[in-house]
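Chemist: Before we start, here is the structure in question, set down as structure tokens.
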Amino acid sequence: MPVDHLYVHVPFCASKCPYCDFNSHAGRDGEVPAYVEALVAEARARARDVAPATVFVGGGTPTWPSAEAIDRMLDGVMSAVTTSRLTEVTVEANPGTLTPEKVRVLRRHGVTRVSLGAQSFDERRLRVLGRAHDARDTVRSVEVLRDGGVERVSLDLILATPGQSVGEQRRDVARAVALGPEHVSTYVLTFEEGTAFTKSLEEGRLEAPIEGRDLAHLRAACEDLAAAGYRRYEVSNHAKPGAECRHNLGYWRNAQWLGLGAGAHSHVGGRRWKNVDDPAAYAARVAAAGEAVAWEEQPAPRSALFESLMMGLRLVDEGVDLAALAARHGVDPRVEHRDAIERHVVAGRLERDGDRLRCTPAGIDVLNAVLVDFVPDEDDARG
Amino acid sequence: MARGPLQHLRNFSIVAHIDHGKSTLADRILEITGLVRAGDHADQMLDDMDLERERGITIKARAVCLHYPKDGVEYVLNLIDTPGHVDFTYEVSRSLAACEGAILLVDATQGVEAQTVANAYLAIEAGLDIVPVLNKVDVSTANTQRALEEMRTVLGIDPATVLWASGKTGLGVREVIDAVIARVRPPDGDPAAPLKALLFDAVYDTYRGVIIYVRLIDGELRPKMHIRLLGAKAEYEVLEVGVLRPAHEPGTRLRAGESGYVVANIKALGDVRIGDTVVEADRAEGVVALPGYREPKPMVYCGLYPTYPKDYENLRKALDTLALNDASFTYVPETSEALGFGFRCGFLGLLHMEVVQERLERDADLDLVQTAPNVTYEILRTDGATTRVEKPSDIPESNFIAEFREPIARCNLILPAEHIGALMTICQDKRGRYVRTEYLSPERVMLVYDLPLGEIVFDFYDMLKSATRGYGTLDYEIKGYEAADLVRLRMLVNAQEVDALSMVCHRDEAERRGRRILKRLRKAIPRHLFSVPLQAAIGGKIVARETIAPLRKDVLAKCYGGDITRKRKLLEKQKKGKKRMKQVGSVEIPQEAFLSVLGSDGEEEENE
Numbered sequence: 001m002p003v004d005h006l007y008v009h010v011p012f013c014a015s016k017c018p019y020c021d022f023n024s025h026a027g028r029d030g031e032v033p034a035y036v037e038a039l040v041a042e043a044r045a046r047a048r049d050v051a052p053a054t055v056f057v058g059g060g061t062p063t064w065p066s067a068e069a070i071d072r073m074l075d076g077v078m079s080a081v082t083t084s085r086l087t088e089v090t091v092e093a094n095p096g097t098l099t100p101e102k103v104r105v106l107r108r109h110g111v112t113r114v115s116l117g118a119q120s121f122d123e124r125r126l127r128v129l130g131r132a133h134d135a136r137d138t139v140r141s142v143e144v145l146r147d148g149g150v151e152r153v154s155l156d157l158i159l160a161t162p163g164q165s166v167g168e169q170r171r172d173v174a175r176a177v178a179l180g181p182e183h184v185s186t187y188v189l190t191f192e193e194g195t196a197f198t199k200s201l202e203e204g205r206l207e208a209p210i211e212g213r214d215l216a217h218l219r220a221a222c223e224d225l226a227a228a229g230y231r232r233y234e235v236s237n238h239a240k241p242g243a244e245c246r247h248n249l250g251y252w253r254n255a256q257w258l259g260l261g262a263g264a265h266s267h268v269g270g271r272r273w274k275n276v277d278d279p280a281a282y283a284a285r286v287a288a289a290g291e292a293v294a295w296e297e298q299p300a301p302r303s304a305l306f307e308s309l310m311m312g313l314r315l316v317d318e319g320v321d322l323a324a325l326a327a328r329h330g331v332d333p334r335v336e337h338r339d340a341i342e343r344h345v346v347a348g349r350l351e352r353d354g355d356r357l358r359c360t361p362a363g364i365d366v367l368n369a370v371l372v373d374f375v376p377d378e379d380d381a382r383g
Numbered sequence: 384m385a386r387g388p389l390q391h392l393r394n395f396s397i398v399a400h401i402d403h404g405k406s407t408l409a410d411r412i413l414e415i416t417g418l419v420r421a422g423d424h425a426d427q428m429l430d431d432m433d434l435e436r437e438r439g440i441t442i443k444a445r446a447v448c449l450h451y452p453k454d455g456v457e458y459v460l461n462l463i464d465t466p467g468h469v470d471f472t473y474e475v476s477r478s479l480a481a482c483e484g485a486i487l488l489v490d491a492t493q494g495v496e497a498q499t500v501a502n503a504y505l506a507i508e509a510g511l512d513i514v515p516v517l518n519k520v521d522v523s524t525a526n527t528q529r530a531l532e533e534m535r536t537v538l539g540i541d542p543a544t545v546l547w548a549s550g551k552t553g554l555g556v557r558e559v560i561d562a563v564i565a566r567v568r569p570p571d572g573d574p575a576a577p578l579k580a581l582l583f584d585a586v587y588d589t590y591r592g593v594i595i596y597v598r599l600i601d602g603e604l605r606p607k608m609h610i611r612l613l614g615a616k617a618e619y620e621v622l623e624v625g626v627l628r629p630a631h632e633p634g635t636r637l638r639a640g641e642s643g644y645v646v647a648n649i650k651a652l653g654d655v656r657i658g659d660t661v662v663e664a665d666r667a668e669g670v671v672a673l674p675g676y677r678e679p680k681p682m683v684y685c686g687l688y689p690t691y692p693k694d695y696e697n698l699r700k701a702l703d704t705l706a707l708n709d710a711s712f713t714y715v716p717e718t719s720e721a722l723g724f725g726f727r728c729g730f731l732g733l734l735h736m737e738v739v740q741e742r743l744e745r746d747a748d749l750d751l752v753q754t755a756p757n758v759t760y761e762i763l764r765t766d767g768a769t770t771r772v773e774k775p776s777d778i779p780e781s782n783f784i785a786e787f788r789e790p791i792a793r794c795n796l797i798l799p800a801e802h803i804g805a806l807m808t809i810c811q812d813k814r815g816r817y818v819r820t821e822y823l824s825p826e827r828v829m830l831v832y833d834l835p836l837g838e839i840v841f842d843f844y845d846m847l848k849s850a851t852r853g854y855g856t857l858d859y860e861i862k863g864y865e866a867a868d869l870v871r872l873r874m875l876v877n878a879q880e881v882d883a884l885s886m887v888c889h890r891d892e893a894e895r896r897g898r899r900i901l902k903r904l905r906k907a908i909p910r911h912l913f914s915v916p917l918q919a920a921i922g923g924k925i926v927a928r929e930t931i932a933p934l935r936k937d938v939l940a941k942c943y944g945g946d947i948t949r950k951r952k953l954l955e956k957q958k959k960g961k962k963r964m965k966q967v968g969s970v971e972i973p974q975e976a977f978l979s980v981l982g983s984d985g986e987e988e989e990n991e
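Chains as they are written, first to last, in this note's numbering: chain X, 1 to 383; chain E, 384 to 991.
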């Protein structure tokens, strides 16, 4: 299997959002030049033989650094790899960080798609979420992107924010749709370990999420987007026909990718590894050794099969091809998980169509509980 | 082993409530008599198991032999330790039967408590000379006047005869030893008569088999002698006799009036019975057995199951080992529909059960599911047969029951007088029968109630402690069986009866208890992908119900490349937790749920 995808991490942000547990840092802009040089060096050292079909520059906020820094980074990375197979180059951006100049830089390096962290159009919700932008910034950013010739725009929305009603969320979704993005991602707010939100939750300053409420918000978003012509193709992702994110599809299909940058993960040849998280430590390691691997593992065939199921069943219509998984992992899920498959099919949570296995609409809401039944036994996982 | 005549011998015990400083006082006595040096041993010599030390109780009695010169005479003092807990009343009584006197120890900061009374009565009934001692008199919170008053009121002890001491500092301990010599009579007995000895304790030693502890009434015991245990009807050849100082010190013989140990190639603790009479095999004729011998009878039962079926053999081995050291503990294999293969275990009482379980988990490193404890019931069937029932699932259908009988315990409850109203309410709720009230002092009172043992086992002890802010103490003794309107309360999870959760209770209480247990089960059982009905039933009649709502949303909002390993590990962990649960039909029940049947939870009650 070729390495079809390249991920590039840019861990710098204007400010740290209280719900965010990503590898992102505010107030460390002084480290940007060294970091960019390290990225370029890592790309040259490790991505030389890679001819990706997609590139995804994520963060952090990749559009937060200066136009010059972005230019230097994209130039270094894109010139290190073979670009002849490219079909999609995505850059994540936050409203308020995009200028016509930066968009020109993106276009010049072949960026075809920008994923914009809108999150909400309601000023109160944006404040609760600790966002550095307002709704007008989002509208303006979309204009700047369109004016600059970016073909595809995706908007991120956070659902079930504290204090948000379903009606209010519906207005959010309507405003997003009105901007005409090709793609919308909708994430029910989660409380991740170590975030300010989780601390507030533990201290009783934020209300604990309620299952029924989360579900109502999620369903409303799916309905509204479906009505507007967006197909839900993954748990949290909706696209106009043909506008699915090809890079992220690679993750859900458990494909191979190379990750560059601080904390970036890679999956190549059945091996998974992760770079060191801290941007400065990463830069120092790359400068000294040409790589910055912090951790790696080689999941056993049964664990690898589980990963394929765990990711693949997130794809609403596509699901997984059991025969293909059997061939790929050397463990046949039709044998290995015969009982679990049958049980969940009978219960209406999974749907089987020949070798195609996918979640039903009821099943996708409880995917974790379904997946637990596919976790290999500890004793077998090594075999 | 040249010894002084019996005139210079004393056999005595120390009796006290838990934590009143018995072991500390014993340590000081051992130091003063030169048996051990101060500080070269763990705190308390006589408790040799960690668990006992942690819990501040002594489970197995021991006897040590002390030498004490006084007025030009070398006295020999045998200190016979006794178990300190309510579950071991019988063992205590046998140890006391080996003595002529007892130090009655009362903590000056606590005063007289339930087991002080129970043990003092045992000592008085055994006809022992009592040496009353007030301990911890040097502690700032000591209330010596109150304690003396209580000792006088409840036990009839003249305050002028009470010695003041501090086991911790050694203050007054020498005077206590002097008083033992002065006030406790020396033993009598005929060394020339045929052997007659009381077996008052036994321990299992990995290398030497069972070591028995005996008090000789008449005759003597020597190596190579052939002995017979009258109750057990077994004979052995004596290999070694001796005394503990504090290690085994072999001697040539033990004589009438003396106490010591005997090694006689006895293989299992189950072969010997505390309270048995030891005689010489050839001279047994005409020797009358000592009174008071009893087979130990477990009163409390529970099921113990390995969490993982593969641990069954390990559990069996652990139980085997345990039974070698504790003859009062019983176990038989049983099968539960819900829990699979395990064992039904019998205990003398609640604390005995807790001690055994902790020891199993600690020593054998086993992950166990314990079912709610129940007492032994008696059922008179309609066909006239009487059966003892040790688990709720063995109870026949009600149309086969002519009479359902439960064990009744006579309870002595000692508590601050201000809590008497609260406790009487609890006792009434627990179907208690009032016997009497005694004021120990204006502030403290002893309540006597007859309570069903099943209620005590259920949650009475916790309620007593919370109603008296921890100051209330309890001691009980089984009086016998009485008929009551009892029912078997069945618990159904997803319409399937879970035998390990069913229990016996009074008919009037069934609905309330059923509701309470279901509420706890609802919290203890995780949500499933379908709704899980919980029901409590008597026969086919549902008396309470609850429902666990189905899981409706459980999906990760985000899962991209960097999350894969982390999310996989999360799900692996979840699966591991699920594997530890017990599968009943299609419902997974965690271990804690089986204990949710147990005990009271004040907070929860208040919320309702």
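We treat Cβ as the ideally placed atom computed from N, Cα and C, and that holds for glycine.
If you're wondering where the values come from, they're calculated on a predicted model, not measured in any experiment.
#1: Just checking: is the beta-carbon of residue 959(E) within a distance shorter than 9 Å of some beta-carbon in chain X?
#2: Taking the alpha-carbon positions, what's the residue 537(E) to residue 497(E) distance?
#3: Starting from the beta carbon of residue 891(E), find every residue of chain X whose beta carbon is closer than 7 Å, and list them in chain order.
#4: Can you tell me the Cα-Cα spacing of residue 8(X) and residue 86(X), whole angstroms?
#5: Would DSSP call residue 272(X) helix, strand or coil?
#6: Assign residue 522(E) to buried or exposed, taking buried as 16 or more other Cβ atoms, counted over all protein chains shown, within 10 Å of its Cβ.
#7: When the Cα atoms are used, what is the spatial distance from residue 915(E) to residue 970(E)?
#8: To which residues of the same chain is residue 920(E) closer than 7 Å at the C-beta, ignoring the five residues directly before and after it?
#9: Using a C-beta cutoff of 9 Å, does residue 973(E) count as contacting chain X?
#10: Excluding five sequence neighbours on each side, which residues of the same chain lie with their C-beta closer than 7 Å to the C-beta of residue 894(E)?
#11: Buried or exposed, going by whether 16 or more other CB atoms sit within 10 Å of the CB of residue 742(E)?
#12: If we cut at 9 Å on Cβ distances, does residue 967(E) have a partner in chain X?
#13: How many Å lie between residue 624(E) and residue 603(E) at the Cα?
#14: For residue 297(X), report the span of its beta strand (DSSP E) as first-last.
#15: Roughly how many angstroms separate the alpha carbons of residue 280(X) and residue 265(X), rounded to a whole number?
#16: Run the CB neighbour count on residue 223(X), radius 10 Å, all protein chains shown included, and call it buried at 16 or more, exposed below.
#17: What residues in its chain sit with their C-beta under 6 Å from that of residue 566(E), if we drop five residues either side in the sequence?
#18: Evaluate residue 424(E) with the Cβ neighbour count: other Cβ atoms within 10 Å of its Cβ, from every protein chain shown; 16 or more gives buried, anything less gives exposed.
#19: Looking at the structure shown, is residue 357(X) part of a helix, part of a strand, or coil, going by DSSP?
#20: In the DSSP output, which residue or residues are listed as bridge partners for residue 623(E)?
#21: If residue 757(E) and residue 684(E) are in contact, beta carbons under 8 Å, what's the gap, nearest whole angstrom?
#22: Can you grab the Cα-Cα spacing for the pair residue 486(E) / residue 516(E), in whole Å?
#23: Under a three-way DSSP split, which group does residue 597(E) fall into?
#24: What do you reckon, are the CB atoms on residue 239(X) and residue 184(X) nearer than 9 Å?
#25: Look at the Cβ atom of residue 860(E), then the Cβ atom of residue 501(E), and state whether they are nearer than 9 Å.
#26: Return the first residue and the last residue of the beta strand (DSSP E) that residue 833(E) is part of.
#27: Against residue 943(E), what residues of chain X qualify as contacts under a CB-to-CB distance less than 7 Å, listed in chain order?
#28: Could you check if residue 339(X) is buried or exposed, using at least 16 other CB atoms within 10 Å of its CB as the buried criterion?
#29: When the cut-off is 9 Å and only beta carbons count, does residue 263(X) lie next to chain E?
#30: Compile a chain-ordered list of the residues in the stretch 363 to 377 of chain X whose CB is closer than 7 Å to at least one CB of chain E.
#31: When you compare only the Cα positions, how much space is there between residue 909(E) and residue 933(E)?
#32: Please confirm whether residue 399(X) has its beta-carbon closer than 9 Å to some beta-carbon of chain E.
#33: Where does the unbroken alpha helix (DSSP H) through residue 310(X) begin, and where does it stop?
#34: Pull up the distance between the alpha-carbon of residue 293(X) and that of residue 274(X), whole angstroms please.
#35: Taking only the alpha-carbon atoms, compute the straight-line gap between residue 433(E) and residue 866(E) and give it to the nearest angstrom.
#36: Based on DSSP bridge pairs, tell me the residues matched to residue 723(E).
Modeler: Walking through what the data contain:
#1: By the rule that beta-carbons nearer than 9 Å mark a contact, residue 959(E) touches chain X.
#2: Between the C-alpha atoms of residue 537(E) and residue 497(E) there is a straight-line separation of about 11 Å.
#3: Result: empty, since nearest Cβ-Cβ is about 39 Å, beyond 7 Å.
#4: Computed Cα separation, rounded: 15 Å.
#5: The answer is strand: DSSP assigns residue 272(X) an E or B state.
#6: In summary, residue 522(E) is exposed, with fewer than 16 beta-carbon neighbours lying within 10 Å of its beta-carbon over all protein chains present.
#7: Cα to Cα, the separation comes out at about 8 Å.
#8: Apart from the 5 residues on each side of it in sequence, residue 920(E) sits with its Cβ closer than 7 Å to the Cβ of 873, 875, 926 in its chain, given in chain order.
#9: At a cut-off of 9 Å between beta carbons, residue 973(E) makes no contact with chain X.
#10: So the qualifying residues of the chain are 926, 927.
#11: By the 10 Å Cβ count, residue 742(E) comes out buried.
#12: Using a Cβ-Cβ cut-off of 9 Å, residue 967(E) does not count as an interface residue toward chain X, since no Cβ of chain X sits closer than that to its own.
#13: Computed Cα separation, rounded: 11 Å.
#14: Residue 297(X) -> beta strand (DSSP E) spans 293 to 297.
#15: Each residue's Cα considered, the two are about 17 Å apart.
#16: When all chains shown are included, residue 223(X) counts as exposed.
#17: A distance below 6 Å between beta-carbons, with the five flanking residues on each side excluded, links residue 566(E) to the following residues of its chain, in chain order: 512, 514.
#18: With a pLDDT of 49 at residue 424(E), under the threshold of 50, the predicted position of this residue should be treated as unreliable, though the coordinate-derived value follows. It is exposed - the Cβ of residue 424(E) has fewer than 16 other Cβ atoms within 10 Å.
#19: In the structure shown, residue 357(X) sits in a strand (DSSP, three-state: E or B).
#20: In the DSSP assignment, residue 623(E) forms a beta bridge with 646(E).
#21: Confirmed, about 6 Å.
#22: Going from the Cα of residue 486(E) to the Cα of residue 516(E) covers about 7 Å.
#23: If DSSP states are grouped into helix, strand and coil, residue 597(E) belongs with the strands.
#24: A contact, by the Cβ cut-off of 9 Å.
#25: The answer is yes: Cβ separation under 9 Å.
#26: In the DSSP assignment, residue 833(E) falls within the beta strand (DSSP E) that extends over 827 to 835.
#27: Scanning chain X for C-beta atoms nearer than 7 Å to the C-beta of residue 943(E) yields 248, 251, reported in chain order.
#28: Using a 10 angstroms sphere on the CB of residue 339(X), the tally of other CB atoms stays under 16, which defines it as exposed.
#29: For residue 263(X), the nearest CB of chain E lies under 9 Å from its own CB, placing it at the interface with that chain.
#30: Listed by position along the chain: 364, 365, 366, 367, 368, 369, 371, 372, 375.
#31: Approximately 9 Å, taken between the alpha carbons.
#32: Beyond the ends of chain X as shown, which are 1 and 383, falls residue 399(X); an answer cannot be given.
#33: That run of the alpha helix (DSSP H) goes 301 to 312.
#34: Near 6 Å, if we compare the C-alpha coordinates of residue 274(X) and residue 293(X).
#35: Because residue 433(E) carries a pLDDT of 47, less than 50, the predicted location of this residue cannot be relied on, and no value is offered for it.
#36: Under DSSP, the beta-bridge partners assigned to residue 723(E) are 719(E).
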